[in-house]
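Some notes on the structure that comes next.
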Amino acid sequence: MSVEAAKNARELLLKEYRGVLATHSKSMPGFPFGSVVPYCLDEQGRPLILISRIAQHTHNLQKDPKCSMLVGERGAEDVQAVGRLTYLAEARKLEDGAAIEAAAERYYRYFPDSQNYHKAHDFDFWVLDPVRHRYIGGFGAIHWIDQLTLANPFAGKAEASMIEHMNADHAKAIAHYVELAGLPKSEPAQLVGIDSEGMHLRIGQGLHWLAFATPCNTPTQVREALVYLAHAEQWPKNAQVDA
177 MSVEAAKNAR ELLLKEYRGV LATHSKSMPG FPFGSVVPYC LDEQGRPLIL
227 ISRIAQHTHN LQKDPKCSML VGERGAEDVQ AVGRLTYLAE ARKLEDGAAI
277 EAAAERYYRY FPDSQNYHKA HDFDFWVLDP VRHRYIGGFG AIHWIDQLTL
327 ANPFAGKAEA SMIEHMNADH AKAIAHYVEL AGLPKSEPAQ LVGIDSEGMH
377 LRIGQGLHWL AFATPCNTPT QVREALVYLA HAEQWPKNAQ VDA
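Rendered as structure tokens:
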């Protein structure tokens with residue numbers, strides 16, 4: 177298994193925020209049932225989804241938790257020439273109060289509108305525990321990947337503190353990241369997540385992941401990376417840009 181393939185597959189999972197979730201149909205036994213779902217990654221790097229208790233997916237997963245989620249590069253003119261990932265998993269509904277609270281705090285940053293219907297209706301958080309992954313990076317670049325997810329070393333108070341500080345005190349720096357990366361300027365960007373490999377920005381309803389030039393494993397390294405980007409005149413060539 178190629179280490180580079182695993183890295184590319186994880187970056188695809190980091191930057192897309194939506195996929196086609198396929199479950200085993202309860203009402204139509206033997207048939208797969210697919211539908212688009214938004215997601216963000218939890219503290220362990222696993223997809224976190226929020227679905228209604230009356231949704232077909234919920235009924236299907238309650239009967240059989242085995243599922244897959246297809247994630248592909250957005251806006252591709254030739255979908256067979258770009259990356260796509262089939263994430264095979266067993267879905268698990270969050271039951272523990274502390275786990276649900278942590279999931280909600282994270283998910284609402286990425287999808288703030290979800291807070292309204294989550295409270296008004298019966299929705300639950302589910303995490304997709306990985307089993308195996310099939311990644312295609314283009315023609316002939318096909319890999320089975322067993323280990324893909326990467327834990328977020330900042331999840332929790334450290335991440336929340338960095339996000340709050342950047343949004344409150346460094347709006348100009350965030351606007352500079354947007355300018356460097358060529359992201360939309362329709363609305364002011366907000367930082368919504370930080371992981372060891374990059375940062376997540378929300379611009380209106382759109383989400384964008386920007387890779388750091390090198391991985392960051394401590395808050396100090398994150399600060400250094402953000403300061404460097406705030407003064408950069410162009411986006412680092414070895415850092416991926418999701419535009």
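Heads up: the sequence shown is residues 177 to 419, going by the numbering used here. The beta carbon of each residue, even a glycine, is placed where N, CA and C say it ideally should be. Nothing here was measured: the structure is a model prediction, and the numbers come from that model.
Next on the checklist: Check whether the region 377-386 and the region 184-204 are in contact - that is, three or more C-beta pairs closer than 8 angstroms.
Outcome noted: yes
Checklist entry - Is the CB-CB distance between phenylalanine 299 and arginine 229 below 9 angstroms? => result yes
Checklist entry - According to DSSP, is methionine 375 helix, strand or coil? => result strand
Next on the checklist: Give me, in chain order, the residues of the same chain whose beta-carbon lies closer than 8 angstroms to that of asparagine 184; leave out the 5 immediate sequence neighbours on both sides.
Outcome noted: Gly259, Tyr311 and Gly313
Next on the checklist: Less than 9 angstroms between the C-beta atoms of tryptophan 411 and leucine 367, yes or no?
Outcome noted: no
Item to check | Ranges of the beta strand (DSSP E) found wholly within the region 376-400, counting only runs of at least 3 | outcome: 382-387
Checklist entry - Does the distance from the CB of tyrosine 283 to the CB of leucine 377 come in under 9 angstroms? => result no
Checklist entry - Among Gln232, Glu281, Ala334 and Lys202, which one has its Cα closest to the Cα of leucine 217? => result Glu281
Next on the checklist: Quick check: what's the CA-CA separation for glycine 251 versus alanine 181?
Outcome noted: 21 angstroms
Item to check | Minimum length 4: unbroken alpha helix (DSSP H) runs contained in the region 326-367 | outcome: 333-345 and 347-357
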